[in-house]
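Q: Numbering (mature numbering (1 follows the signal peptide of the UniProt record, and there is no 0)), first residue to last: -17 to -1, 1 to 227. C-beta atoms are modelled at their ideal positions from N, C-alpha and C, and glycine is treated no differently. There's a structure below that I have some questions on.
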Amino acid sequence: MTQRALSLLALPYPSLVLDIGCGSGLSGESLTASGHTWIGMDISASMLAVALDRQTSGDLFLADIGQGVPFRPGTFDAAISISAIQWLCNADSSDVSATGRLSRFFEGLYAALKRGGKAVLQFYPKNEVQRRMITSAAIRAGFGAGLLEDDPGTKNVKVYLVLTAGAGSEGGGTGDVTNVVRGLEGVDVIDERRKGRGGVRGGDGEGRKGSKGWILRKKEQGRNRGKVIKADSKYTGRKRRPAF
């Protein structure tokens, strides 16, 4: 799966890669063999101890990704994660929300990547709700995103979230990341979402504060955070006449 992630990233050599949920360093070995420099982060001290015993070549960092990605902005060329980010959907106590953990992670990852940097995050969603939670959090953080599956419709299905941070090298703007992988054998593009931070902003005013598009996005954000939001109707965002 690490090699699959690297093939989707199509990185120049050498690149500095963040391995999220690096565990005992198995993915790091593939990164080293591919000529990349890497830094791994994981919440498990015992797994990192195994990586140290194996004398992996990457630097290791003990951290909970649900609390963010504590690196300087623009540090990494790319990031990978294998079978880790689905755990962000779990909350260990009532005062910790899965939505907050996902938000802190993706916002931290967006900042840590260079503009135009990419990330491929393989994960196993428990259900469709978790899939939507993860992809929505990535998009709210500002990523261009594509959700893909290998071996769809089988027990061996593997889900990959492919992300691009900010302006890419192609076309000078936030590109549809699915162009990176469209046409590859065995890959189905499952989900293509709006591009860029905050959605599309243009001359139609849909991105302007107070517009209907802006109001609908704010209501959706509230629903994702578990707030009680009034249902949308034909009157949503409609301008009212001045009251005398």
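Are Cys5 and Asp36 closer than 9 Å when you measure CB to CB?
A: Indexing the sequence shown from 1 puts residue 5 at position 22. Indexing the sequence shown from 1 puts residue 36 at position 53. Cβ distance not < 9 Å, so Cys5 and Asp36 don't count as in contact.
Q: Does DSSP put Gly98 in a helix, a strand or coil?
A: By 1-based counting over the sequence shown, the position of residue 98 is 115. One detail in the question is off: residue 98 reads as Arg in this sequence, not Gly. In this structure, Arg98 counts as strand in the three-state DSSP scheme.
Q: Starting from the Cα of Asp2, find the closest Cα among Leu(-12), Gly23, Ile198 and give me that residue.
A: Counting from one through the sequence shown, the residue named residue 2 turns up at place 19. Selected option, being the one with the closest Cα: Gly23.
Q: For the alpha helix (DSSP H) containing Asp25, list its first residue and its last residue.
A: Here residue 25 refers to the residue found at position 42 of the sequence shown. Asp25 -> not in any alpha helix (DSSP H); beta strand (DSSP E) instead, spanning 20 to 25.
Q: Between Asp60, Leu(-10), Ala28, which has its C-alpha nearest Ser(-3)'s C-alpha?
A: Translated into positions along the sequence shown, residue -3 becomes position 15. For the residues Asp60, Leu(-10), Ala28, the minimum Cα distance to Ser(-3) belongs to Asp60.
Q: Would you call the region 41 to 48 and the region 98 to 110 touching, i.e. three or more CB-CB distances under 8 Å?
A: Because the criterion of three Cβ pairs below 8 Å is not met, the region 41 to 48 and the region 98 to 110 do not touch.
Q: Who does Phe44 pair with in a DSSP beta bridge?
A: Working through the sequence shown from its first residue, we reach residue 44 at position 61. In the DSSP output, where bridge partners are listed per residue, Phe44 has Met24.
Q: If you draw a straight line from the alpha carbon of Gly220 to that of Arg200, how long is it in whole angstroms?
A: Position 237 of the sequence shown, counted from the first residue, corresponds to residue 220. Position 217 of the sequence shown, counted from the first residue, corresponds to residue 200. Near 11 Å, if we compare the C-alpha coordinates of Arg200 and Gly220.
Q: Would you mind working out which of Tyr218, Lys195, Leu(-10) sits nearest Ile63, comparing C-alpha positions?
A: Taking the first residue of the sequence shown as position 1, residue 63 is located at position 80. For Ile63, the nearest C-alpha among the options comes from Leu(-10).
Q: Got a sec, what are the start and stop residues for the alpha helix (DSSP H) Thr(-16) sits in?
A: The count along the sequence shown starts at 1 and reaches residue -16 at position 2. Unbroken alpha helix (DSSP H) run through Thr(-16): -16 to -9.
Q: Where do the ends of the beta strand (DSSP E) carrying Ile63 lie?
A: As a position in the sequence shown, residue 63 is number 80, starting the count at 1. Counting along the chain, the beta strand (DSSP E) containing Ile63 begins and ends at 59 to 65.
Q: Can you tell me whether DSSP reads Ile3 as helix, strand or coil?
A: Taking the sequence shown and counting its residues from 1, the one referred to as residue 3 is at position 20. Residue state, collapsed to three classes: strand.
Q: Would Arg87 and Gly136 qualify as a contact pair, given that the criterion is a beta-carbon distance under 9 Å?
A: In the sequence shown, counting from the first residue as 1, residue 87 sits at position 104. In the sequence shown, counting from the first residue as 1, residue 136 sits at position 153. No. Outside cutoff.
Q: By how many angstroms is the C-alpha of Ala128 removed from the C-alpha of Ile122?
A: On the sequence shown, residue 122 is found 139 positions in, with the first residue counted as 1. On the sequence shown, residue 128 is found 145 positions in, with the first residue counted as 1. Approximately 7 Å between the Cα atoms of the pair.
Q: Go ahead and pull the three-state DSSP assignment for Thr147.
A: Within the sequence shown, numbered from 1, the residue matching residue 147 stands at position 164. Looking at Thr147 - three-state DSSP - the assignment turns out to be strand.
Q: To which residues does DSSP link Val142 through a beta bridge?
A: In the sequence shown, residue 142 corresponds to position 159, counting from 1. Bridge partners of Val142: Phe106, Glu132.
Q: Assuming contact is defined by CB atoms lying nearer than 9 Å, are Thr58 and Lys97 in contact in what I supplied?
A: Your numbering for residue 58 matches position 75 in the sequence shown. Your numbering for residue 97 matches position 114 in the sequence shown. In contact: Thr58 and Lys97 (Cβ atoms closer than 9 Å).
Q: Report the three-state DSSP secondary structure of Gly127 (helix, strand or coil).
A: As a first step, residue 127 must be located in the sequence shown, where it is residue number 144. Reduced to three states, the DSSP call for Gly127 is strand.
Q: Within 10 angstroms of the Cβ of Arg114, are there 16 or more other Cβ atoms? Answer buried if so, exposed if not.
A: For the purposes of this step, residue 114 is taken as residue 131 along the sequence shown, with counting starting at 1. Its Cβ being crowded by 16 or more others within 10 Å, Arg114 is buried.
Q: Helix or strand or just coil, what does DSSP make of Ser10?
A: Looking up residue 10 in the sequence shown gives position 27. Three-state DSSP puts Ser10 in a helix.
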